[in-house]
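Quick notes on the structure that follows.
There are 4 protein chains.
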Amino acid sequence: MFEHSTTSFPIRTDLAMEAGERFTKDNVEISGVTIEEDYDKKREITITKVVIETEKGARAMGKPKGTYITMEAPNLSVPDEDYHREISVRLSKLIRELIPCKDKEDTSVLVVGLGNRMVTADALGPQVADNLLITRHIVREYGKAAMGEEHVCQISSIVPGVMAQTGMETLEILQGIVSETKPDYIIAIDALAARSTKRLNRTIQIADTGIHPGSGVGNHRCSISMESLGVPVIAIGVPTVVEATTIVHDTKGDVQTAPHLNGMYVTPKDIDEAVKRLSFTISEGLNLALQAS
Amino acid sequence: MFEHSTTSFPIRTDLAMEAGERFTKDNVEISGVTIEEDYDKKREITITKVVIETEKGARAMGKPKGTYITMEAPNLSVPDEDYHREISVRLSKLIRELIPCKDKEDTSVLVVGLGNRMVTADALGPQVADNLLITRHIVREYGKAAMGEEHVCQISSIVPGVMAQTGMETLEILQGIVSETKPDYIIAIDALAARSTKRLNRTIQIADTGIHPGSGVGNHRCSISMESLGVPVIAIGVPTVVEATTIVHDTKGDVQTAPHLNGMYVTPKDIDEAVKRLSFTISEGLNLALQAS
Amino acid sequence: MFEHSTTSFPIRTDLAMEAGERFTKDNVEISGVTIEEDYDKKREITITKVVIETEKGARAMGKPKGTYITMEAPNLSVPDEDYHREISVRLSKLIRELIPCKDKEDTSVLVVGLGNRMVTADALGPQVADNLLITRHIVREYGKAAMGEEHVCQISSIVPGVMAQTGMETLEILQGIVSETKPDYIIAIDALAARSTKRLNRTIQIADTGIHPGSGVGNHRCSISMESLGVPVIAIGVPTVVEATTIVHDTKGDVQTAPHLNGMYVTPKDIDEAVKRLSFTISEGLNLALQAS
Amino acid sequence: MFEHSTTSFPIRTDLAMEAGERFTKDNVEISGVTIEEDYDKKREITITKVVIETEKGARAMGKPKGTYITMEAPNLSVPDEDYHREISVRLSKLIRELIPCKDKEDTSVLVVGLGNRMVTADALGPQVADNLLITRHIVREYGKAAMGEEHVCQISSIVPGVMAQTGMETLEILQGIVSETKPDYIIAIDALAARSTKRLNRTIQIADTGIHPGSGVGNHRCSISMESLGVPVIAIGVPTVVEATTIVHDTKGDVQTAPHLNGMYVTPKDIDEAVKRLSFTISEGLNLALQAS
């Protein structure tokens, strides 16, 4: 069943909203999937919430069950500091809904910066980790008072690297760290592949499903999820590339061609700057969500 | 005439051999253009020499008159040190043919690293400059004896940056430096756009024509050439991107579509590593060509 | 005379206020030199203005005639965004006094990022240049209206590199660029050597004298000044290192010892982060000074 | 006893040979410590082997029991490729003596790149990890045949980051990874503090004792050793800094002075380039030691 669905939907996207689009385009309702859209005209921000409720819905969408929230903001690709601040604030609210630090004084969160620091389009996760306010060691050494806040999460962070750098599955590294440090939540940040170039560096997806095999620019092999780690895993991602074969398919309607496009990305000319800016915006969102009382 | 030719050949390539291909494919001989190919089976290196001899040939090819030598080596994208050394040696021989340092004791060469250091696919020029052996200041201060060689070029180097960084045309910067330091030759290194992804990071083009408007990943606006600088300009380039519209055209045969692909690149997943490795290989080629007696 | 003065004052500092200290410490008045100090208690910012009015004063201080303004702010080394913003604003006012863009609609300013991008303690100038708003090419192409301001400077920028990278004197490069692009003012940014580790990364010096031989972390060999370039040169610097021999002298009172300390720096452990933060603060000061109407 | 010893030997060094020097200088034999020196005149390489055999010796030296081999090579600071290759070969032999991969077909080694990637003088470990040939994932997926060698180690690698970046003790991270991936050996690479600037970037220390609290540029808080991880830990380090207080003490013979020198390093001007070069040389040594049959 899943195989069949793959044949009819061969184009890879890590965005649930894009997976849903081919249905909504045809006015087809997918059983077990609800899609809500909310548009802030003034700020030009579209928030799409896709909930995949059943296994049948999961098969149709090619994504695991769970909630996927996407924030699309065309101006994310523009260096406007106030706009990025606004996005950070909205992101922090969405994160807070999923991780209610406030109610549990000692909530500890491990932020995982997935991807390869040495590959620009895949460096989102490591760069987000670089800008985080890390507090676990301070809270553990000096108590919460040291942070000057009543309620504070214990934030830790790791940039595990990719398998070609470490020789280890990311999951092996995380299992070890989780069993030693026992965080209450994991937030995994990753660069994604989209189907449409329109979404590159303008879209942030937050999902409560973790990360699954074959997703991400670096193509993870094992799932990083509640099932594999025993801890809820929130995934935050931004599409930074479209696979080159997708472009050809979407404009030509045929995928058999173009074997030389394997291993090729489509990416905007300003990808280095865009990843830097987006990383900062997401770090700020996390810092706001997890620090303030 | 030129405009018409542009309409019928809308796909951008900075490689003269690719511009020639559409003719050779159809067994058409282009008046005023000679193309020679030489294949080293053992090393899998193809050297193609395109000479554009007449203005008519230049119009047909969409490139200025001059000699374009292309070295294609599929293994350039593989981290094989010996192979890269071999390429450096061959490159040095091709450069020596164009800049015969030996015969002129005080030959001075200004190497210009074009492109944007902050944009991975456009950073070839700056990274080549970073690895060069610079000698002009030593020769001028201590004489040639200081270099331990009988014949030595005076090598200087500049990374001018791109207009968005400097507010100046690259040509303005170079005119100033050339008029102050009066080099005998300029070697300009730049990242190029190709038509086929097969050539990305596997091809080195050396031309005696300088750099012309609209070429390079960064799209130069002024020519950097004998005409504009009064000094012979050798251009060395490696294609690191294909423009996304080209991919669609080549597989679909139609360009009207896909406006959202403007400003998008197709580039291999390992572009960061590839540019680093290629820069080193070209620097070594230049160092061999310009230093040794 | 100058030589003698060197013997009795062998410790290198690029800060005029430090050169003045040994006199004020002993309550000695230096003929031809005036020193004013202003302290903002709330913000803990000390502004010291040293004016060297005569050649005699210049010899005594070991610095050329001119005005040197130093802003000392202990919290500059702390990652407090609001505080850094405050410093940027004050810096912009000091720059505006020296470069009154407002009164001259077409004022053009060339910002020169001196130093070596590849050496952390010497990378202040290049990093400031990386964060500047560059406008010259826009104003020249689209007119001032494109900037949305009534009064706007034309800002251009160059990172010339150091002699070991270019084989050229920085002065040669700048003379060429100045003669081509004819800016009204030059602002040269450079990392400095101080005498006291207390001042590292906490002090910004602005001088209307340009840059002089032997100064800067990279030890410039030629002066970059009104005399050599025909254009007023404002120098902005931050001390990032103390030469190791200075430390020994200052604590021991003897310099003959310690030849193995030649070529050694004393620098704070967080130098990488500090240079990044300071560069941003200075860029912001320049952007405020030169852009806003 | 240990405290007393600290008072009389307050100057920090991570090099056992420097800890030994104050004794040999006075012709004092230290009970429980043997020191052997071997000098290769042609290559100017000094190899010093310090064996601390007893607890008494450990107290006298201020270092744990174990074997410390130091390779001093003045030309390590010079960019001579052949010389660095020679050092890599020698290093590989010293490593092979400690990790006899040959005799055990499935030896697995986890290389840990300690230190802070963002702080130049502390980035040795991360940069060594960046250049390693990683094989564990290949051997596990395709078998040893995939490596084209009869005997091959399974190499994995991690760059854990420092506590300010991760909020976790390095030991916590490593305990987790070790319990998941069960390597036979750990090799921990770290930047060290020396007592003499003469040794900076010219000395490689290999010890079978692991890493101990207070050592390294980043000052580790927990030991990373056989005791804490249950696996033999080989430590490889290069001194990249001298603490500024040490300089004053050594030239002045008094430490009470100079509180403003706390948190200050003495480091050579070419530290960025030196760390890059040394990292490459050590990676090559590890690659030679662990890959070849």
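Line by line, the protein sequences are chains A, B, C and D.
Counting from 1, one number per residue, gives the positions in the first sequence under the numbering used here.
Counting from 1, one number per residue, gives the positions in the second sequence under the numbering used here.
Counting from 1, one number per residue, gives the positions in the third sequence under the numbering used here.
Counting from 1, one number per residue, gives the positions in the fourth sequence under the numbering used here.
C-beta atoms are modelled at their ideal positions from N, C-alpha and C, and glycine is treated no differently.
Since this is a predicted model, take the numbers as computed values, not measurements.
For A/P64 and A/T200, the rounded distance between their alpha carbons:
The question names Thr, but residue 200 of chain A in the sequence shown is Leu. Their Cα atoms are separated by approximately 23 Å.
Give every residue of the same chain whose Cβ lies closer than 6 Å to the Cβ of D/T170, excluding the five residues on either side of it in the sequence, and list them in chain order.
P160
Taking the DSSP output, what are the residues bridged to D/I30?
None; D/I30 has no bridge partner.
Any idea if C/V241 is buried or exposed, counting beta-carbon neighbours within 10 angstroms, 16 or more meaning buried?
buried
Straight-line CA distance for A/V275 to D/H220?
32 Å
Between the C-alpha atoms of B/F133 and B/I236, what's the straight-line distance to the nearest angstrom?
At residue 133 of chain B the sequence reads Leu, which differs from the Phe that was named. When rounded, the distance between both Cα atoms is 17 Å.
On the premise that D/D184 lies in contact with D/V109, defined as a C-beta separation below 8 Å, what is that separation, rounded to the nearest angstrom?
7 Å
Give the residues of chain C in contact with B/H137, contact being defined as C-beta atoms less than 9 Å apart.
M163, A164, T166, G167, M168, E169
Secondary structure at A/A274, three-state DSSP: helix, strand or coil?
helix
Can you list, in chain order, the residues of its chain whose CB lies under 6 Å from that of A/T209, leaving out five sequence neighbours each side?
P64, G66
Kindly say whether B/L268, judged by its beta-carbon, lies nearer than 7 Å to any beta-carbon of chain A.
Position check: residue 268 of chain B holds Pro in this sequence, whereas Leu was assumed. Taking Cβ atoms only, chain A reaches closer than 7 Å to B/P268, which makes this a yes.
Under 7 Å, Cβ to Cβ, is there at least one residue of chain B near A/T203?
no
Just the Cα atoms here: how many angstroms apart are C/T281 and C/R85?
7 Å
I'd like to know whether the C-beta atoms of B/K198 and A/H260 end up nearer to each other than 7 Å.
yes
What does a CB cutoff of less than 8 Å around B/G125 pick up in its chain, not counting 5 residues either side in sequence?
V112, G113, L114, G115, V159, A188, I189, D190, A191
Per-residue DSSP class, three states only, for C/M168
coil
For the structure I just gave you, are there three or more beta carbon pairs, one from the region 54-62 of chain B and one from the region 75-83 of chain B, closer than 8 Å?
no
Along chain C, in chain order, which residues have C-beta atoms closer than 7 Å to that of B/T181?
M168, E172
Nearest to B/A164 (by Cα), restricted to the options B/V51, B/S228, B/V119, B/A60
B/V119
Helix, strand or coil at D/I177 [DSSP, three-state]:
helix
Status (buried if at least 16 other CB within 10 Å, exposed otherwise) for A/A289:
buried
Strand pairing of C/S157, partner residues [DSSP]:
C/V111
Who are the near neighbours of B/I206 in its chain, counting only those whose CB is closer than 6 Å to its CB and skipping five residues on each side?
I69, L94, I236
From D/R277 to C/D14, what does the alpha carbon distance come to, in whole angstroms?
31 Å
Any beta carbon of chain B sitting closer than 7 Å to that of C/G176?
yes
In this structure, does DSSP put D/D122 in helix, strand or coil?
helix
Counterpart residues of B/A207 in DSSP-defined beta bridges
B/Y68, B/A235
Does B/E284 come within less than 7 Å of chain C when only Cβ atoms are used?
no
On the criterion of 16 or more Cβ atoms from any shown chain inside 10 Å, does D/V28 qualify as buried, or is it exposed?
exposed
Residues of its chain near D/I204, where Cβ-Cβ distance is below 6 Å and the 5 sequence neighbours each way are ignored:
M71, V238
Smallest Cα separation from A/I30: which of A/D38, A/E37, A/A19?
A/A19
What residues from the region 210-243 of chain C come within 7 Å of chain D, judged by C-beta to C-beta, listed N to C?
none
With DSSP run on the structure shown, which of helix, strand or coil describes D/P268?
strand
When you compare the CB of A/V119 with every CB in chain B, is at least one pair closer than 7 Å?
yes
Counting C-beta neighbours from all protein chains within 10 Å, is the total for A/G214 16 or more, i.e. buried, or is it exposed?
exposed
So, helix, strand or coil for A/I134, using DSSP?
coil
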